[in-house]
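Here is the structure we will look at, set down as structure tokens.
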Amino acid sequence: MRHPQANALHELFEQQVARTPGAIALTASAADGTRLHLSYADLNSRANVVAHRLREMGVGPTHLVGLHTERNCELVIGMLAILKAGGAYLPLDPVYPRDRIAFMLEDAGASLLLTQASLASSLAGVASVTICLDDPSLTAPDPSNDFNLGATAGAADLAYVIYTSGSTGQPKGVCVTHHNVVRLFTATAAWFEFSAADVWTLFHSYAFDFSVWEIWGALLYGGRLVSVPLDISRSPDAFRDLLLREKVTVLNQTPTAFSQLIEADVAQPQAAFALRYVIFGGEAL
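Quick note: the sequence shown uses the working numbering, first residue 89, plus one each step.
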């Protein structure tokens with residue numbers, strides 16, 4: 089990442105697309121449950137189609153857009169699309185109660201919501217405008233609007249707002265710029281030497297800041313991001329199998345989750361993991 093202070097996250101992603109268009113960027117489920125492998129070029133194209141729609145609706149710098157999907161392809165496509173349009177995303181995990189989501193949308197001033205068809209009815213009346221990312225008009229290839237939008241937001245602009253848990257009172261939104269995230273990877277690059285050969289898991293909720301490290305750690309270095317379905321993330325045995333099957337090299341965990349994974353592994357026959365790093369966060373080790 090040369091001169092990262094001058095680049096927004098989606099610009100660095102687009103530079104990676106230009107370097108390795110055919111490499112697999114994302115392994116995840118589609119909204120219909122099918123398992124997909126999207127190349128950097130495919131992921132970029134899908135995100136561009138949505139980004140053009142958002143720009144037509146007036147999304148740009150200072151605009152917050154709610155993102156409410158399962159942990160699937162649409163999640164990463166929607167996230168990239170919002171940034172490409174110049175806006176910032178507001179993660180709204182489907183496990184959140186409706187009242188909390190409504191509060192966050194109102195408190196953040198986000199009138200536009202990106203979701204998927206199976207979830208749209210649960211938030212009827214909460215957002216002023218709702219777009220389903222799995223709508224056929226946004227998933228079919230369209231050469232007229234699958235190209236990069238060009239300069240939209242800069243490094244100093246807002247990239248996302250993640251809300252605190254509210255355990256000590258009302259949840260509070262934490263505003264993070266593109267530069268904040270890029271600086272994180274620039275400052276730690278020499279420690280880990282991440283590369284295009286690495287395979288990462290998206291294990292955590294995208295409303296938890298650990299997910300930012302997971303998602304952009306894969307996409308900014310040209311690696312592959314494997315989205316872990318919620319049910320598998322809650323089953324140490326199933327998650328262990330996924331790590332082996334996908335040959336994951338970079339694993340990010342809270343100590344609590346990792347201790348459960350260790351117990352599951354001890355109970356199984358010895359296996360050859362591809363892991364290079366286990367990186368802890370979220371709790372005291």
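Cβ coordinates follow ideal geometry from the N, Cα and C atoms, glycine included.
Rounded to whole angstroms, the gap between the alpha carbons of Tyr128 and Ser216 is 32 Å.
Ile112 has Ser127 as its beta-bridge partners, per DSSP. Classified as exposed, Arg123 has fewer than 16 neighbouring CB atoms from the shown chains inside 10 Å of its CB. The residue from Ala176, His266 and Phe296 with its alpha-carbon nearest to that of Gly146 is Ala176. Around the beta carbon of Ile350, fewer than 16 other beta carbons sit within 10 angstroms, so the residue counts as exposed. Per the C-alpha coordinates, the member of Gln258, Ile250, Pro259 and Arg312 positioned closest to Gly110 is Arg312.
Apart from the 5 residues on each side of it in sequence, Pro149 sits with its Cβ closer than 6 Å to the Cβ of Gly174, Ala241 and Asp245 in its chain, given in chain order. The shortest CA-to-CA distance from Ala360 to any of Phe346, Phe368, Val336 and Asn340 is the one to Val336. Contact check for Val314 against Trp288 passes: the beta carbons are separated by less than 8 Å. Here DSSP, grouped into helix, strand and coil, assigns Ser117 to strand. Around the C-beta of Arg159, 16 or more other C-beta atoms lie within 10 Å, and the residue is accordingly described as buried. In the DSSP annotation of this structure, the continuous segment of the alpha helix (DSSP H) that includes Leu100 starts and ends at Leu97 to Arg107.
According to the DSSP assignment, Val264 belongs to the beta strand (DSSP E) that extends over Gly261 to Thr265. Exposed is the label assigned to Lys260, since fewer than 16 other Cβ atoms lie within 10 Å of its Cβ.
The C-alpha of Glu302 lies about 16 Å from the C-alpha of Glu371. Restricted to the stretch 301-335, the alpha helix (DSSP H) segments that are unbroken, complete and at least 4 residues in length are 318-321 and 324-333, listed in chain order.
Counting only runs that start and end inside the stretch 148-193, the beta strand (DSSP E) elements of at least 3 residues fall at 152-155 and 176-179.
Residue Arg322 holds the alpha-carbon nearest to the alpha-carbon of Ala352 among Arg322, Leu168 and Leu272.
Contact annotation, Leu201 with Gly154: C-beta distance approximately 4 Å; criterion of less than 8 Å satisfied. In the DSSP assignment, Thr289 falls within the unbroken beta strand (DSSP E) covering Val287 to Leu290. Contact annotation: the stretch 180-193 touches the stretch 202-222, with at least three C-beta pairs closer than 8 Å.
For Phe368, the uninterrupted beta strand (DSSP E) segment begins and ends at Tyr365 to Phe368.
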